[in-house]
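Written below as structure tokens is the structure these notes are about.
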Amino acid sequence: MPRSLRKLSFATANTAAVLAALYIAFARDLERPYWAMFTVFIVANPIVGAVRSKAVYRILGTLLGASISIFLIPPLVDAPALLCLAISLWVGICVYLSLLDRTPRSYVFLLAGYTATLIGLAVVNQPATVFDTAVSRVEEISLGVICAAIAHSVIFPQSVTAHLNTKIRSTLMSAGTWLSEALMRPEQASDMQAQEQLATFVTDLHLLYTHVEFETSDVPRAAGLMRLLRDRLALLLPRVSSVQKAIAALAASGSVSPRLAGAIEVTSHWLRSGESPEPSAPSSLPGGGGGVNLPVVTAQRSRAVALDWPGLLEQNAITNLRELVFAFADSKMLATALANDAANLPAHLEHEAATAGHRPLHRDRGLALLSAFAAAGATLLACALWIEGSWPEGAVAAQFAAIGCSLAATLDDAAKFIRSAIIGILLALPFAALYEFAILPRIDGFVALAIVLSPAILLFSLMQASDRLGGAGLVLAIAFSGGLALQDTYKADFAAFVNSNSAEIVGLLVAVAMSLVFRTIDPAWNAVRISKAGWREVRRLATNRRVDLPAWTEKMFDRLGLVTSRIRIAGRVGRRGDIDGLRDMRVGLNMGTVRGVGGELGSSSRAALERVLATVSRDYRSRLSNRRDAIDVEETIDQGIVFLGAEAPSGASLDGLAALIGLRLDLAPAGGQYAVKRTS
Amino acid sequence: MIGEIDIAGVFVPRLLIAALIAFCLTAVAQRSMRRLHLYRFIWHAGLFDVALFVVMLWATAVVTAAGNIPGVK
Chain A
1 MPRSLRKLSF ATANTAAVLA ALYIAFARDL ERPYWAMFTV FIVANPIVGA
51 VRSKAVYRIL GTLLGASISI FLIPPLVDAP ALLCLAISLW VGICVYLSLL
101 DRTPRSYVFL LAGYTATLIG LAVVNQPATV FDTAVSRVEE ISLGVICAAI
151 AHSVIFPQSV TAHLNTKIRS TLMSAGTWLS EALMRPEQAS DMQAQEQLAT
201 FVTDLHLLYT HVEFETSDVP RAAGLMRLLR DRLALLLPRV SSVQKAIAAL
251 AASGSVSPRL AGAIEVTSHW LRSGESPEPS APSSLPGGGG GVNLPVVTAQ
301 RSRAVALDWP GLLEQNAITN LRELVFAFAD SKMLATALAN DAANLPAHLE
351 HEAATAGHRP LHRDRGLALL SAFAAAGATL LACALWIEGS WPEGAVAAQF
401 AAIGCSLAAT LDDAAKFIRS AIIGILLALP FAALYEFAIL PRIDGFVALA
451 IVLSPAILLF SLMQASDRLG GAGLVLAIAF SGGLALQDTY KADFAAFVNS
501 NSAEIVGLLV AVAMSLVFRT IDPAWNAVRI SKAGWREVRR LATNRRVDLP
551 AWTEKMFDRL GLVTSRIRIA GRVGRRGDID GLRDMRVGLN MGTVRGVGGE
601 LGSSSRAALE RVLATVSRDY RSRLSNRRDA IDVEETIDQG IVFLGAEAPS
651 GASLDGLAAL IGLRLDLAPA GGQYAVKRTS
Chain B
681 MIGEIDIAGV FVPRLLIAAL IAFCLTAVAQ RSMRRLHLYR FIWHAGLFDV
731 ALFVVMLWAT AVVTAAGNIP GVK
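The listed protein sequences correspond, in order, to chains A and B.
Its first residue numbered 1, the first sequence is counted upward by one per residue in my numbering.
Its first residue numbered 681, the second sequence is counted upward by one per residue in my numbering.
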């Protein structure tokens with residue numbers, strides 16, 4: 001289906017859902033039909049899985065928030081100050097909990113927080129009605145989400161997997177082209193852009209794939225394959241940059257051997273060609289070659305390595321090149337398997353997909369706490385205005401302060417988001433006023449209402465279907481529905497219209513002020529913060545044997561995306577040139593290898609490798625504490641190289657050597673070369 | 681189908697209870713059908729899921745209300 005037609009079918013489905021929700025709400029005499037109306041807009045999404053997941057989360061969050069308000073209001077209603085404190089605290093707790101979870105599930109807590117204000121603060125003058133209000137809120141929200149879920153699953157549903165498979169294919173194509181170019185040249189500043197794109201893409205895959213559980217039943221669930229694909233994609237950049245680093249060091253210390261240059265050329269050509277590996281071809285290689293028949297993959301294992309600097313660098317480059325080829329070949333096979341249910345995977349991938357564990361994303365408890373303070377503070381401040389000023393509409397201001405801070409809690413620039421929401425409301429109000437005071441008085445009955453509302457609903461839905469206008473469309477739709485406040489009988493009251501809408505604006509302005517005070521986050525500062533969290537993770541990997549390497553890698557890759565996007569916004573690299581997410585990932589992967597090969601080597605080599613891990617941990621501790629202590633990374637690694645070089649050449653000792661060289665390139669001062677030393 | 685059930689002093693419509701039961705039944709049915717790859721034979725899974733729920737709701741209503749409501753045996 002062409003794009004414009006898809007948008008139109010989405011808008012039609014949405015309009016049908018809105019009208020159905022309104023009709024049922026009027027027919028059943030519900031208190032506030034407009035709650036059902038804007039709920040449809042809130043859960044609307046061109047992807048049916050996203051609609052259905054948000055539907056479930058919205059019902060759960062509403063139930064939780066309604067229960068809390070029933071629990072809080074009766075005992076506290078006679079002590080307004082305590083009540084405001086309790087409600088603000090609840091909003092803060094909910095914002096904190098929702099920020100710890102970056103998946104769409106976080107909406108449950110976010111909504112639970114401000115639903116308590118919507119129900120609780122609206123009934124303080126008639127506390128006896130809290131139960132009825134809570135029930136009607138739950139009814140209206142459920143009605144809205146059910147209408148939206150049914151309409152969007154029945155009328156031309158679009159599954160998230162179709163969308164994702166297209167994106168995966170195009171990303172693999174462009175990644176192949178980029179990697180093949182990157183192999184032939186040294187690192188350069190514009191690489192940051194590619195890093196950001198791929199890392200953000202992998203995180204998006206993670207977040208978007210959570211909707212698959214909620215898709216219509218014909219969509220295959222393949223969370224294991226998706227997890228594995230993310231693992232492999234996260235390996236591409238650290239591997240290719242390792243090769244680049246090794247080549248640069250080789251070029252600096254002499255020349256690149258024709259053997260290595262040839263291997264790189266062949267790999268580069270293969271990456272660009274887009275040739276699919278044969279998934280069925282048997283692979284005899286450790287780790288599986290997936291049938292990739294490149295000289296780089298097959299030829300390099302047998303021969304002993306010259307233990308001088310160029311020889312070791314070459315070994316490092318070859319090892320990383322091989323890992324790059326494996327990761328890319330696996331990615332392609334996984335992408336094919338995801339797109340085509342019947343495609344058969346090699347056994348090792350099948351097994352890995354079935355056993356892959358949970359992959360957590362980066363989270364920041366400190367920032368979550370800060371946002372929670374901002375949200376609780378804004379709610380409390382608006383409550384204070386309400387009580388001290390004896391302002392009848394103050395409750396609405398408190399509600400909107402809570403809503404504004406909650407919805408903006410994930411953003412770096414919260415104040416800007418809330419300001420644009422205010423502008424959206426101001427734009428929608430004349431529109432709502434036109435309907436409220438000029439059109440609605442002239443009509444009677446649901447059919448006439450549906451006819452006059454349809455153009456507006458269709459317009460907002462069309463806006464929601466587009467990527468660029470989506471947010472604006474949602475704000476306009478909500479402000480329009482709220483401003484219209486359609487109820488059973490028409491009661492236009494210009495004073496009430498102005499009062500409640502100006503209270504909304506005041507509430508949002510309070511939210512802006514609190515966000516400016518508490519949550520003006522400098523992107524460069526945040527980038528440093530995220531990088532430091534990554535350094536702590538590197539230390540954890542060095543000291544704790546139980547850390548799962550693939551999970552670690554994906555989390556670091558997620559951080560890489562977060563850091564590079566913030567550095568781009570800040571327009572400069574943070575203090576010192578020390579922020580380098582790719583370096584941290586390389587160090588981690590090399591440490592993983594060092595950890596893994598230790599078991600197959602002699603006890604003296606194992607002890608030397610343990611010392612290397614301990615030194616890396618100390619090096620990162622000094623980075624974290626901002627002091628650059630003189631740490632003997634170089635010597636410890638060199639000792640490790642000597643011990644491993646003395647071992648009989650085997651797969652394990654070669655991999656270990658390559659990893660040690662990788663660590664040395666990243667952690668030892670630039671230009672340092674390993675020189676053969678004799679163990680005395 | 682009309683009538684309410686008293687759960688600890690809160691009156692809950694029977695239709696809501698029936699809908700919750702039907703939802704669980706539908707989820708089980710969908711899961712097993714997916715496991716058996718039966719959705720290959722279905723043209724419009726979204727429509728099918730909705731219809732399945734309606735059938736389940738009707739079945740639940742008939743089973744739980746049998747004898748109580750005139751017209752439903």
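Where a beta carbon is used, it is the ideal one built from N, C-alpha and C, also for glycine.
The model shown is predicted, which means the values in this text are computed figures rather than measured ones.
* Between the beta-carbon of ALA415 (chain A) and the beta-carbon of VAL512 (chain A), is there less than 8 angstroms? -> yes
Task: Interfacial residues, the region 724-741 of chain B to chain A, with Cβ spacing under 7 angstroms - done: From the region 724-741 of chain B, only ALA725, GLY726, LEU727, ASP729, VAL730 have a Cβ closer than 7 angstroms to chain A.
Practice problem: List the whole-angstrom C-beta distance separating VAL240 (chain A) from LEU183 (chain A), where the pair is believed to meet the contact cut-off of C-beta under 8 angstroms. | Solution: 6 angstroms
Host alpha helix (DSSP H) of ILE119 (chain A) (start-end): 107-120
Discussion item. Against chain B, does ASP191 (chain A) count as a neighbour if the rule is that its beta carbon must be under 8 angstroms from one of theirs?
Written reply: Output row for ASP191 (chain A): interface = no.
* To do: Return yes when the Cβ of SER371 (chain A) is within less than 8 angstroms of the Cβ of VAL563 (chain A), no when it is not.
  => no
- Message: Going by the DSSP bridge assignment, what does PHE691 (chain B) pair with across the sheet?
- Response: B:ASP686
Subject >> Proximal chain A residues relative to ILE697 (chain B), where beta-carbon distance stays under 9 angstroms >> reply: Correct list: empty, because the minimum Cβ distance to chain A is about 15 angstroms.
Around the C-beta of GLN464 (chain A), are 16 or more other C-beta atoms found within 10 angstroms, so that it is buried, or is it exposed?
buried
Cβ separation of TYR34 (chain A) and LEU440 (chain A), assumed to be a contact under 8 angstroms, to the nearest whole Å
Between TYR34 (chain A) and LEU440 (chain A) a beta carbon distance of about 13 angstroms is seen, past the 8 angstroms cut, so the two are scored as non-contacting.
_Between ARG694 (chain B) and chain A, is the shortest Cβ-Cβ distance under 8 angstroms, so that the two count as touching?_
no
| query | What does ILE722 (chain B) reach in chain A if we use C-beta pairs closer than 7 angstroms? | reply | Residues of chain A whose Cβ lies closer than 7 angstroms to the Cβ of ILE722 (chain B) are, in chain order, ASP218.
Query raised in the report: So, helix, strand or coil for VAL325 (chain A), using DSSP?
Result: helix
| request: May I ask you to check if the CB of LEU453 (chain A) is nearer than 7 angstroms to at least one heavy atom of the ligand ATP? | output: This structure lacks the ligand ATP, and indeed carries no ligand of any kind.
Exercise. Report back the beta-carbon spacing between MET585 (chain A) and THR553 (chain A) to the nearest angstrom; my notes put them in contact at under 8 angstroms.
Key: Rounded, the Cβ-Cβ distance is 7 angstroms, consistent with contact.
Check your understanding: So is LYS753 (chain B) buried or exposed if we call it buried at 16+ other beta carbons inside 10 Å?
Key -> No answer about LYS753 (chain B) holds up, because its pLDDT of 43 lies below 50 and its placement is not dependable.
Apart from the five residues just before and just after ARG519 (chain A), which ones in its own chain have a Cβ nearer than 7 angstroms to its Cβ?
LEU370, SER371, ALA374, ALA414
- prompt: Would a check of beta-carbon distances place ARG714 (chain B) closer than 8 angstroms to chain A?
  reply: Chain A, which has a Cβ nearer than 8 angstroms to the Cβ of ARG714 (chain B), makes this yes.
Worksheet item: Is the Cβ of PRO46 (chain A) closer than 8 angstroms to any Cβ of chain B?
Response: no
In chain B, which residues lie with their C-beta within 7 angstroms of the C-beta of ILE150 (chain A)?
-> VAL730
Report the rounded CA-to-CA distance for THR39 (chain A) versus HIS206 (chain A), giving the unit in angstroms. 26 angstroms
task: Please go through the same chain and pick out, in chain order, the residues whose beta-carbon is closer than 6 angstroms to the beta-carbon of GLY144 (chain A), but skip the five residues on each side of it.
output: ALA21, ALA36, THR39, VAL40
Count the other C-beta atoms from every protein chain shown that fall within 10 angstroms of the C-beta of CYS704 (chain B), then say buried if there are 16 or more, exposed otherwise. Around the beta-carbon of CYS704 (chain B), fewer than 16 other beta-carbon atoms lie within 10 Å, marking it exposed.
Cβ pair ALA401 (chain A), TRP386 (chain A) closer than 8 angstroms: Not in contact: ALA401 (chain A) and TRP386 (chain A) (Cβ atoms no closer than 8 angstroms).
Handout entry: Contacts of PRO157 (chain A) in chain B (Cβ-Cβ under 7 angstroms)
Key = GLY726
| said: Since ARG714 (chain B) and SER217 (chain A) should fall inside the 8 angstroms C-beta cutoff, what is the C-beta to C-beta distance between them, to a whole number of angstroms? | reply: 5 angstroms
- request: Compare the C-beta of VAL154 (chain A) against all C-beta atoms of chain B and say whether one is closer than 8 angstroms.
  value: VAL154 (chain A) counts as touching chain B.
Using three-state DSSP, classify HIS717 (chain B) as helix, strand or coil.
In this structure, HIS717 (chain B) counts as coil in the three-state DSSP scheme.
Requested in this report: Assign ILE521 (chain A) to one of three DSSP states: helix, strand, or coil.
Outcome: Residue state, collapsed to three classes: coil.
- Query: Just how far apart, CA to CA, sit PRO127 (chain A) and PRO74 (chain A)?
  - Reply: Those two C-alpha atoms are separated by around 6 angstroms.
**Message:** So, with DSSP's three-state summary, where would you put ALA189 (chain A)?
**Reply:** coil
Inspect the CB distances between the region 543-550 of chain A and the region 495-504 of chain A and report whether three or more fall short of 8 angstroms.
In short, these stretches do not touch, since the Cβ pair count stays below three.
* **Residue nearest to GLY113 (chain A) in terms of C-alpha spacing, selected from A:ASP101, A:GLY311, A:LEU64, A:ALA249** => Taking each of A:ASP101, A:GLY311, A:LEU64, A:ALA249 in turn and checking the Cα distance to GLY113 (chain A), the smallest one comes out for A:LEU64.
- Examine the Cβ distances between the region 335-350 of chain A and the region 518-536 of chain A and report whether three or more of them are shorter than 8 angstroms. no
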